[in-house]
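Positions 7 to 519 (the numbering used here) are the ones given, in order, by the sequence shown. Take a look at the structure below.
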Amino acid sequence: MTALDRLEGRPVIVGGGIAGLAAALFLAPEPVVLLTRAPLGADGSSPLAQGGMAASVGTDDDADLHLADTLMAGDGLCDPEAARRILADGPAAVAELERLGVAFDRAADGSLALGLEAAHSRRRIVHADGDATGRALVQALSIAALACPSITVVEAEARRILMEDSAVAGLLVAGRDGGAVLRTRRLILATGGVGALFEHTTNPASSFGIGLALAAEAGAELADLEFVQFHPTALATSARPLSLISEAVRGEGALIVDRAGRRVLDAVPGKELAPRDVVARAVWRELVAGREVFLDARASLGARFAARFPSVAAGCRAAGIDPATDLVPIRPAAHYHMGGIAVDAAGRSSVPGLWAAGEVAATGLHGANRLASNSLLEAVVCGRAAALSVAGTPARAPARLMAAHLPAAPDPTSVRPIVSRHLGVTRDAAGLATAIARLLPLAEGTGPASAPARVALMMAVCALAREESRGAHARTDFPAPAAVPRRARTTLERSLAEARRHAEPALALASSS
């Protein structure tokens with residue numbers, strides 16, 4: 007019997023970010039396996055989250071106001087009931103995190119210190135350790151998880167979901183000693199987003215959609231794949247990933263300007279605090295026109311910058327920039343994926359035995375454009391919902407699976423240039439058709455590029471089908487929104503069929519463009 011054999015039958019959670027940690031802790035005292043690529047806190051997007059977690063805890067705030075802001079940012083594609091349910095749990099989520107050891111920043115009177123971010127009508131961003139909220143949450147939850155006797159942390163990579171009778175039966179993993187099978191009929195994916203499919207991203211190199219690939223190959227439905235949020239203020243350097251300059255910096259009065267000091271957003275409703283998609287496109291238009299764009303915090307924060315935003319200040323210093331006295335060069339960067347595995351209120355996917363939580367899931371909260379700092383809230387609330395659902399699902403005897411062929415370690419290197427060129431801040435039919443034609447042979451292959459190529463192909467097919475501009479999806483050939491908002495679901499099988507249907511005309515279109 008191997009070490010993993012002794013864990014058979016337990017729920018398995020893939021991902022050591024906030025959603026995965028929350029799910030594992032809320033499953034206690036039921037024994038659970040938490041599968042991570044690296045030691046807890048050493049990988050993933052969660053530790054990089056700066057601004058904080060949105061929750062209606064202020065005396066001038068409530069869940070209805072939070073919902074109204076979320077629906078406005080989501081540009082007609084939020085699921086209002088899902089959003090209402092998740093946002094209403096915000097204050098309780100803050101309390102649960104404090105119970106688990108998170109020390110949120112507080113004002114002089116002892117109340118929670120609340121920040122303001124774009125498209126929020128109230129100060130409702132709770133934060134920890136200044137602008138290092140994600141890191142503080144991951145550290146506190148990791149300590150709690152490692153101290154919890156019911157949680158077994160296994161360092162390995164998930165390579166394939168194993169199925170039996172169209173339901174989850176196990177997980178094929180790659181560890182230090184090669185391939186092995188975790189036998190389970192209850193699997194939660196909490197693997198993060200797709201940012202590393204793009205050249206310019208604030209996400210770590212591991213965030214290239216592996217959870218989406220695993221679920222898609224198991225037959226799960228995916229939703230909203232065309233909606234990728236580009237954060238408008240990433241630090242424009244050669245570093246990878248790009249350092250994020252939190253939206254909270256603009257909430258404290260920083261301006262977006264060109265080299266001459268002209269405000270780029272002066273004519274835009276909401277100006278610097280307009281929704282992220284609006285700001286990102288405004289910055290992108292300047293860059294495409296050959297003009298540099300900067301964040302100017304000299305007057306609004308000046309010498310106070312480093313105290314309020316120590317992580318941002320450190321990233322700037324590493325690039326030789328002092329935000330107290332210098333203009334800070336910025337550019338949009340792939341930051342968050344609104345799309346993901348289609349799930350219900352309990353985090354259940356269309357595949358029996360498969361749940362999803364966090365960025366890898368499409369709950370309907372974010373619609374076409376995520377409201378700033380709703381992601382950490384969703385990770386905690388939906389991680390808990392998935393845990394409660396798993397706990398309420400009777401354990402069945404594990405399948406007797408034979409060891410399966412271990413797929414090659416996925417590598418998005420050959421996919422990244424295609425995605426970066428054709429699925430960026432703005433898209434058009436010719437570019438999307440070219441992407442489909444180039445991604446299809448990779449997606450149909452079996453090499454290291456196949457899994458990331460399948461995710462990218464599904465995104466491109468969905469983007470080509472959405473002949474409108476809405477939220478983070480901007481089509482230069484269809485600049486107006488459609489009359490009726492609609493969410494779209496797909497599967498890998500349907501996307502491949504659509505891609506094959508488009509392949510021949512796409513190749514012809516690409517050769518003439």
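Even for Gly, the Cβ is constructed at its ideal location relative to N, Cα and C.
With DSSP as the reference, identify every bridge partner of threonine 158, one or two as the case may be. According to the DSSP secondary-structure assignment, threonine 158 is paired through a beta bridge with Val39.
Looking only at its chain, what residues have a beta carbon closer than 7 angstroms to the beta carbon of serine 420, apart from the 5 residues adjacent to it on each side? Excluding positions up to five away in sequence, the list reads Leu448 and Ala455.
Check this for me: beta carbons of aspartate 264 and glutamate 292, under 8 angstroms apart or not? For aspartate 264 and glutamate 292, yes; Cβs fall inside 8 angstroms.
Under the rule that 16 or more other beta-carbon atoms within 10 Å means buried, what is histidine 411, buried or exposed? Exposed, by the Cβ-count rule.
Please state whether the Cβ-Cβ distance between glycine 15 and arginine 189 is less than 8 angstroms. By the CB criterion at 8 angstroms, glycine 15 and arginine 189 fall inside the cutoff.
Hey, out of Leu446, Ser426 and Val159, whose CA is closest to histidine 341's CA? Minimum Cα distance to histidine 341 is reached at Ser426.
Cβ contact check for the segment 226 to 233 and the segment 490 to 498: 3 or more pairs under 8 angstroms: Counting C-beta pairs closer than 8 angstroms gives three or more between the segment 226 to 233 and the segment 490 to 498, which meets the contact rule.
Helix, strand or coil: which one does DSSP assign to glutamate 499? The answer is helix: DSSP assigns glutamate 499 an H, G or I state.
Cross-strand partners of proline 335 (DSSP beta bridge): Answer is Phe300.
Verify whether the separation of the beta carbon atoms of alanine 351 and alanine 79 is less than 8 angstroms. Taking the C-beta atoms as reference points, alanine 79 is found no nearer than 8 angstroms to alanine 351.
To which residues of the same chain is alanine 505 closer than 7 angstroms at the C-beta, ignoring the five residues directly before and after it? The answer, listed in chain order, is Ile442, Leu446, Leu463 and Val467.
Counting beta carbon pairs with one atom in the segment 58 to 69 and one in the segment 473 to 484, are three or more of them shorter than 8 angstroms? Taking a cut-off of 8 angstroms on C-beta distances, the segment 473 to 484 does not touch the segment 58 to 69, as fewer than three cross pairs fall below it.
Using alpha carbons as the reference points, say which of Asp135, Val284 and Gly345 lies closest to valine 200. When each option's Cα is compared against that of valine 200, the closest is Gly345.
If I measure Cβ to Cβ from histidine 479 and keep anything under 7 angstroms in the same chain, skipping five residues before and after, which residues do I get? Sequence-distant Cβ neighbours of histidine 479 in its own chain, meaning closer than 7 angstroms and more than five residues away, are Glu232, Phe233, Ala374, Ala469 and Arg472.
Take histidine 206 and list the residues in its own chain whose beta-carbon comes closer than 8 angstroms to its own, dropping the five residues that flank it on each side. Result list for histidine 206: Ala240, Leu248, Arg337, Pro338, Ala339, Ala340 and Ser426, in chain order.
Option nearest leucine 118 by Cα separation, candidates Gly107, Ala125, Ala134 and Ala124: Selected option, being the one with the closest Cα: Ala134.
Buried or exposed (CB count within 10 angstroms, at least 16 for buried), proline 281: Its Cβ being crowded by 16 or more others within 10 Å, proline 281 is buried.
Short check: CB of serine 148 to CB of glycine 47, under 8 angstroms? It is a contact, given that the beta carbons lie within the stated cut-off.
Does DSSP classify isoleucine 194 as helix, strand or coil? DSSP places isoleucine 194 in strand when its eight states are reduced to three.
So alanine 397 and leucine 33 are in contact, right, with Cβ under 8 angstroms, and what is the actual spacing, rounded? Sure, about 6 angstroms apart at Cβ, within 8 angstroms.
Can you tell me which of Met59, His126 and Ala224 puts its alpha carbon nearest to the alpha carbon of aspartate 171? For the residues Met59, His126 and Ala224, the minimum Cα distance to aspartate 171 belongs to Ala224.
Answer with buried or exposed for leucine 152, where buried requires no fewer than 16 other C-beta atoms within 10 angstroms of its C-beta. Exposed, since its Cβ has fewer than 16 Cβ neighbours within 10 Å.
Between glutamine 235 and aspartate 137, which are expected to be in contact by the criterion C-beta below 8 angstroms, what is the C-beta distance as a whole number of angstroms? In this structure, glutamine 235 and aspartate 137 do not form a Cβ contact; the two beta carbons are roughly 19 angstroms apart against a cut-off of 8 angstroms.
Put glutamate 14 into one of helix, strand or coil per three-state DSSP. Coil.
Just to confirm, is the Cβ distance from glycine 23 to alanine 196 under 8 angstroms? Yes; because the gap between Cβ atoms is below 8 angstroms, this pair is in contact.
Expected contact under 8 angstroms - CB spacing of glycine 359 and alanine 391 to nearest Å: That pair is no contact at about 16 angstroms.
How long is the line joining the alpha carbons of leucine 502 and alanine 219, rounded to whole angstroms? Looking at the two C-alpha atoms, the distance is approximately 13 angstroms.
Between the C-alpha atoms of methionine 7 and leucine 13, what's the straight-line distance to the nearest angstrom? Unreliable positioning characterises methionine 7 in this predicted model, as indicated by a pLDDT of 41, which lies under 50. The coordinate reading is nonetheless provided below. Going by C-alpha positions, methionine 7 is about 10 angstroms away from leucine 13.
Rounded separation between isoleucine 262 and arginine 269 - CA only: Roughly 6 angstroms separates the two Cα atoms.
For alanine 415 and isoleucine 251, what's the separation of their Cα atoms in angstroms? Approximately 32 angstroms, taken between the alpha carbons.
Mind pulling the beta strand (DSSP E) runs of 3 or more residues that sit fully within the segment 37 to 123? With a minimum length of 3 residues, the continuous beta strand (DSSP E) runs that stay inside the segment 37 to 123 are 38 to 42.
Does the distance from the C-beta atom of glycine 21 to that of glycine 198 stay below 8 angstroms? In this structure, glycine 198 lies closer than 8 angstroms to glycine 21 by Cβ.
If we call anything under 8 angstroms between Cβ atoms a contact, is alanine 362 one with isoleucine 131? Contact flag unset, no.
Please say whether alanine 312 and arginine 319 have beta carbons closer to each other than 8 angstroms? In the sequence under discussion, the amino acid at residue 319 is alanine, which differs from the arginine named in the question. For alanine 319 and alanine 312, yes; Cβs fall inside 8 angstroms.
Between which residues of its own chain and glycine 308 is the CB-CB distance below 6 angstroms, once the five residues before and five after are set aside? So the list reads Ala330, once near-sequence residues are dropped.
Aspartate 417 vs threonine 482 beta-carbon contact at 8 angstroms: Taking 8 angstroms as the Cβ cut-off, aspartate 417 and threonine 482 do not qualify as a contacting pair.
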